[in-house]
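>
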Amino acid sequence: MSSKITGKEYPLLKIFSSDFEYYIPAYQRPYAWTTEQTETLFTDLYDFYQTEQADNYFLGTIVLIKDEDRSKAAVIDGQQRLTTLTILFSVLASNLTGQAQQACYELLQESGNVLAGIPARPRLHLRDRDQKFFEEYIQNVKLEELMKLDLSSMKTEAQVHIYENCKCLMEKFADAFDKDQDKLIQFSIFLLNRCFLVAVSTASQESAFRVFSVMNSRGLDLLPIDIIKSEVIGGIQENERDEYTEKWEKLENDVGRDGFNEIFSHTRTIFAKDRVKKNLLEEFREYVLKNTTPKDLVDKILMPYTEAYSILRNQTYESTSGAEDINDILYWLNKIDNYDWMPPAIKFLAEHAHDSAYTLQFMKKLERLTAYLQVTAQDVNRRVSRYKWLLLEMDSKPEHSLNAPLETIELTNNEKKLFMEALSGEIYTMPSRRRNYIIQRLDSFTSDGAARYDAKIFTIEHILPQNPQKGSEWDTSWPDMEDRRYWVNRIANLVPLTRMHNSAAQNYDFVTKKTTYFQNKNGTTSYSLTTQVVNMDKWTPDVVKTRQEKLLQLFEKKWDLKIEKNDNAPANQKLLFHIAIRGCNATGYLGDDSKFVVVKGSTISRNITESCQKFYSDIRDNLITTGIVVDDVFTEDYAFDSPSAAAVVVGGRSANGPREWTTLDGRQYGKVIGR
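Sequential numbering from 1 applies to the sequence shown in UniProt numbering.
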């Protein structure tokens with residue numbers, strides 16, 4: 001007989017209370033979240049806190065083995081979130097003072113009762129190998145001591161993640177709050193009362209695993225597209241419903257349910273130009289359905305977007321010229337480990353697919369931008385923010401063409417610099433999908449572009465071994481240990497191989513290695529990069545240094561990464577900053593008189609929130625009355641006293657200008673200008 005399964009939504013104040021005492025079973029995988037997921041969690045929470053004054057934030061679901069009348073709970077699903085939230089509360093406690101700090105300690109540990117002989121105990125218990133470390137530094141809020149530790153002293157990878165994520169959150173809190181107690185307390189109130197988790201509990205391990213399996217299965221459960229379909233078709237006149245139902249179902253059938261659901265997600269992003277903060281259904285209604293009619297949604301949005309999506313995913317662009325080159329670029333875009341690039345690509349292709357020359361130029365530049373974000377390991381918030389400016393420019397500049405192309409798709413000089421630094425670094429130490437992408441793309445640049453790369457058999461081999469045997473030829477040709485350490489993981493010392501060759505490769509001398517392991521039985525190689533190495537006579541530091549320079553020059557040429565100095569630029573050219581909140585899209589710069597100038601053509605949000613002080617709402621009214629802002633658009637440049645004043649007026653809500661005005665490549669005004 002199966003155990004009773006219950007599910008209930010709880011605020012974090014209740015999740016981290018005496019109602020729950022969490023244990024991570026020994027069979028669970030270790031704590032594995034990286035700084036990317038941790039930064040995303042904080043940024044999502046903080047952005048929602050700043051922009052949504054009344055709504056609640058949903059953090060997901062956890063699955064527990066727990067008796068109804070007991071607090072002890074084994075965590076089947078949700079370890080990563082619970083652990084990261086515990087680290088967040090520890091960092092929060094380290095920033096608070098007095099009673100607020102003590103209240104935050106209560107989220108980390110049950111205080112116990114000395115008189116009753118009840119000891120304090122942690123709210124969350126990690127696996128035995130990591131719990132002592134976690135309790136000593138995180139749950140006891142000894143973060144300064146934690147930051148003094150050497151990473152090499154940590155016994156497990158989970159402990160390294162705990163250290164790195166704690167450091168990440170400490171930097172985020174310092175940047176956002178600077179120990180301002182009032183702001184910290186207000187943020188704490190938001191976290192504890194407006195952020196929710198759903199706890200699904202059962203006393204049976206079998207039931208808990210069944211719940212976990214069902215939650216993670218890919219069945220034919222009701223999707224948001226099914227609910228949207230009923231609303232859209234229901235909004236069409238009865239005599240046309242059958243026609244539009246057929247259109248809808250054909251589109252869904254063409255790309256499959258999952259593909260069609262992805263199209264809806266990308267469509268939401270095209271309209272909202274931001275990450276999902278609530279859920280797809282709610283935000284599709286808010287951003288898409290409110291701004292179109294049911295028939296237009298099908299005819300003018302879903303039909304062209306579905307066709308574009310299919311072309312992008314399947315690399316099936318057709319044209320009398322340039323189609324092969326375009327499809328080759330689409331192949332590389334699809335090898336990126338995320339699809340955040342899809343919304344601008346869909347929108348562009350839906351509007352400009354007929355212009356093959358412009359499509360080729362756009363896709364080349366989009367692939368370069370996407371590669372930059374991949375290689376430099378930009379997190380999801382940074383990626384979505386970068387594509388946001390491209391989507392905004394598409395809306396504000398609908399006449400863009402090959403002769404007047406989009407500007408925000410170009411890499412800034414700072415992005416080119418970061419890109420080249422990443423390519424120059426220790427490629428082999430990167431996560432496998434990122435390093436494989438780099439090596440494969442480089443190999444395609446050295447070949448005719450016809451090669452295709454099968455992830456099942458593709459691998460990367462060091463030429464100079466990571467740990468050459470003493471007394472080997474490598475000791476003679478590479479006598480300097482510093483040279484070995486510097487070059488061993490860089491791109492010049494790496495070659496692509498099939499997995500069957502890599503399994504046999506060993507620390508033999510260069511000649512034996514290249515003839516025995518880098519070539520097939522017929523004396524050929526599968527990859528152009530490997531052929532280059534096979535044709536070399538020796539492998540010394542000078543050879544590798546020269547090869548590194550040539551390969552980086554190839555990247556610079558193929559991806560157009562050379563930083564050009566514009567000698568014709570006016571001496572007074574300003575560094576531009578951008579902001580896009582609540583529907584506004586504004587650009588500004590620091591004026592000569594230390595005022596912040598919002599430039600002509602910038603737009604303001606259409607309404608204001610309660611957080612917008614009367615002083616600033618009066619400025620908005622005056623700008624409209626005097627004709628400086630007409631139909632939400634600045635008709636001329638306007639100087640504000642500060643970037644914060646400008647951000648509040650254009651956004652219609654309270655804002656931290658030095659943080660929210662950013663360059664195109666994501667640098668904050670306060671950090672660039674230093675104020």
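Glycine is no exception: its CB is placed at the ideal position from the N, C-alpha and C atoms. Predicted model only: the values in this text are computed from it and were never measured.
Closest by CA to Asp454, which one among Val488, Ser424, Gly425, Leu497?
Within the sequence shown, the letter at position 454 stands for residue 454. Nearest C-alpha to Asp454: Leu497.
> Are the Cβ atoms of Ala158 and Tyr49 separated by less than 7 Å?
Translated into the one-based positions of the sequence shown, residue 158 becomes position 158. Translated into the one-based positions of the sequence shown, residue 49 becomes position 49. No, Cβ-Cβ distance for Ala158 and Tyr49 is not below 7 Å.
> Rounded to whole angstroms, what is the Cα-Cα separation between Glu145 and Gly588?
Within the sequence shown, residue 145 is the residue found at index 145, counting from 1. Within the sequence shown, residue 588 is the residue found at index 588, counting from 1. Each residue's alpha carbon lies about 42 Å from the other.
> Within 10 angstroms of its Cβ, does Thr267 collect 16 or more other Cβ (buried), or is it exposed?
As a first step, residue 267 is located in the sequence shown; it is residue number 267 there, counting from the start. Thr267 comes out buried.
> Give me, in chain order, the residues of the same chain whose beta-carbon lies closer than 8 Å to that of Phe177; leave out the 5 immediate sequence neighbours on both sides.
Within the sequence shown, the letter at position 177 stands for residue 177. Answer for Phe177: Asn95, Lys183, Leu184, Phe187, listed in chain order.
> Note down the Cα distance separating Tyr305 from Leu108, rounded to an integer number of angstroms.
Here residue 305 refers to the residue found at position 305 of the sequence shown. Here residue 108 refers to the residue found at position 108 of the sequence shown. Distance between the alpha carbons of Tyr305 and Leu108: 48 Å.
> Between Arg620 and the rest of its own chain, which residues show a CB-CB distance below 6 Å, the 5 nearest in sequence each way excluded?
Counting from one through the sequence shown, the residue named residue 620 turns up at place 620. Within the same chain, Arg620 has close Cβ partners Val649.
> Between which two residues does the beta strand (DSSP E) holding Val63 run?
Here residue 63 refers to the residue found at position 63 when the sequence shown is read from its first residue. 57–65 is the extent of the beta strand (DSSP E) around Val63.
> Would you kindly work out how many angstroms separate the C-alpha atoms of Leu191 and Ser642, rounded to a whole number?
For the purposes of this step, residue 191 is taken as residue 191 along the sequence shown, with counting starting at 1. For the purposes of this step, residue 642 is taken as residue 642 along the sequence shown, with counting starting at 1. Cα to Cα, Leu191 sits roughly 30 Å from Ser642.
> Nearest-angstrom Cα distance between Leu12 and Phe89?
Here residue 12 refers to the residue found at position 12 of the sequence shown. Here residue 89 refers to the residue found at position 89 of the sequence shown. Between Leu12 and Phe89, the C-alpha separation is close to 11 Å.
> Which residues mark the beginning and the end of the alpha helix (DSSP H) in which Glu367 is found?
On the sequence shown, position 367 is the one that residue 367 refers to. Note, Glu367: alpha helix (DSSP H), 356–375.
> Which residues does DSSP list as the beta-bridge partners of Asp77?
Within the sequence shown, residue 77 is the residue found at index 77, counting from 1. Val63.
> Could you pull out every residue in the same chain whose Cβ sits closer than 6 Å to the Cβ of Glu473, ignoring the five residues on either side in sequence?
Mapped onto the sequence shown, residue 473 falls at position 473. Cβ within range, chain order: Asp509.
> For Lys416, which residues of its own chain have a beta-carbon under 7 Å away from its beta-carbon, when the five flanking residues on both sides are left out?
Along the sequence shown, read from residue 1 onward, the residue named residue 416 stands at position 416. Correct list, in chain order: Leu561, Ile563.
> In this structure, how does DSSP classify Ile189 when only helix, strand and coil are distinguished?
Within the sequence shown, numbered from 1, the residue matching residue 189 stands at position 189. Of the three classes helix, strand and coil, the one that applies to Ile189 here is helix, per DSSP.
> Quick test of your reading: Lys365 and Ile409, contact by CB under 8 Å. State the CB separation rounded to the nearest angstrom.
Working through the sequence shown from its first residue, we reach residue 365 at position 365. Working through the sequence shown from its first residue, we reach residue 409 at position 409. Yes, Lys365 and Ile409 are in contact; Cβ-Cβ is about 5 Å, under 8 Å.
> When you compare the region 576–583 with the region 650–657, are there three or more beta-carbon pairs, one atom per stretch, that lie closer than 8 Å?
Short answer: they touch.
> If you draw a straight line from the alpha carbon of Lys397 to that of Gly601, how long is it in whole angstroms?
Here residue 397 corresponds to residue number 397 of the sequence shown, with the count starting at 1. Here residue 601 corresponds to residue number 601 of the sequence shown, with the count starting at 1. Cα to Cα, the separation comes out at about 11 Å.
> Classify Phe518 as helix, strand or coil using the three-state DSSP reduction.
As a first step, residue 518 is located in the sequence shown; it is residue number 518 there, counting from the start. Looking at Phe518 - three-state DSSP - the assignment turns out to be coil, as it is neither helix nor strand.
> Counting pairs of beta carbons, one from the region 322–332 and one from the region 284–296, are three or more of them closer than 8 Å?
No: fewer than three Cβ pairs fall under 8 Å.
> Helix, strand or coil, according to DSSP, for residue 755 in the structure here?
Nothing about residue 755 can be read from this structure; the chain reaches only from 1 to 675.
> So, is His161 buried or exposed, given that buried needs 16 or more other C-beta atoms within 10 angstroms?
Sequence index remark: in the sequence shown, residue 161 carries index 161 (1-based). Per the 10 Å Cβ criterion, buried.
> Using only the alpha-carbon positions, how far apart do Arg123 and Phe42 sit?
Position 123 of the sequence shown, counting from 1, holds the residue named residue 123. Position 42 of the sequence shown, counting from 1, holds the residue named residue 42. Each residue's alpha carbon lies about 21 Å from the other.
> Count the other C-beta atoms from every protein chain shown that fall within 10 angstroms of the C-beta of Arg386, then say buried if there are 16 or more, exposed otherwise.
In the sequence shown, the residue the question calls residue 386 occupies position 386. With 16 or more Cβ atoms within 10 Å of its Cβ, Arg386 is classed as buried.
> For a test of the three-state rule: what should DSSP assign to Asn327, helix, strand or coil?
Numbered from 1 along the sequence shown, position 327 holds the residue referred to as residue 327. Correct three-state label for Asn327: helix.
> Tell me where the alpha helix (DSSP H) around Thr624 begins and ends.
The count along the sequence shown starts at 1 and reaches residue 624 at position 624. It is worth fixing the name first, because residue 624 is Ile in this sequence and not Thr. Unbroken alpha helix (DSSP H) run through Ile624: 614–625.
> Closest to Gly425 by CA distance: which of Tyr437, Arg382, Ala492, Lys388 is it?
On the sequence shown, residue 425 is found 425 positions in, with the first residue counted as 1. It is Ala492 whose Cα lies nearest to the Cα of Gly425.
> With His352 as the anchor, note down where its alpha helix (DSSP H) starts and where it stops.
For this step, residue 352 is matched to residue 352 along the sequence shown. Looking at the DSSP string, the run of the alpha helix (DSSP H) that includes His352 is 342–352.
> In three-state terms, what does DSSP make of Val511?
Stepping through the sequence shown from its first residue, residue 511 is reached at position 511. Reduced to three states, the DSSP call for Val511 is helix.
> Buried or exposed, going by whether 16 or more other CB atoms sit within 10 Å of the CB of Leu664?
Stepping through the sequence shown from its first residue, residue 664 is reached at position 664. Leu664 is buried by the Cβ-count criterion.
> Under the rule that 16 or more other beta-carbon atoms within 10 Å means buried, what is Leu149, buried or exposed?
In the sequence shown, the residue the question calls residue 149 occupies position 149. With fewer than 16 Cβ atoms within 10 Å of its Cβ, Leu149 is classed as exposed.
> Compare the C-beta of Ala272 with all C-beta atoms of chain B and state if any pair is closer than 7 Å.
Judged by its chain identifiers, the structure shown contains no chain B, having just a single protein chain.
> Pick from Glu461, Phe271, Arg659, Leu45: whose alpha carbon is nearest that of Leu390?
Along the sequence shown, one-based indexing puts residue 390 at 390. With distances taken between Cα atoms, Leu390 lies closest to Phe271.
> Buried or exposed: where does Ser153 fall if 16 or more other Cβ atoms within 10 Å of its Cβ makes it buried?
In the sequence shown, counting from the first residue as 1, residue 153 sits at position 153. Exposed is the call here.
> Determine the direct distance from the alpha carbon of Asn467 to that of Pro479, and round the result to whole angstroms.
The residue you call residue 479 lines up with position 479 of the sequence shown. The residue you call residue 467 lines up with position 467 of the sequence shown. For Pro479 and Asn467, the distance between alpha carbons rounds to 13 Å.
> Taking Thr245 as part of the alpha helix (DSSP H), name the residues at either end of that continuous run.
Position 245 of the sequence shown, counted from the start, is the residue given in the question as residue 245. Here the alpha helix (DSSP H) through Thr245 covers 238–272.
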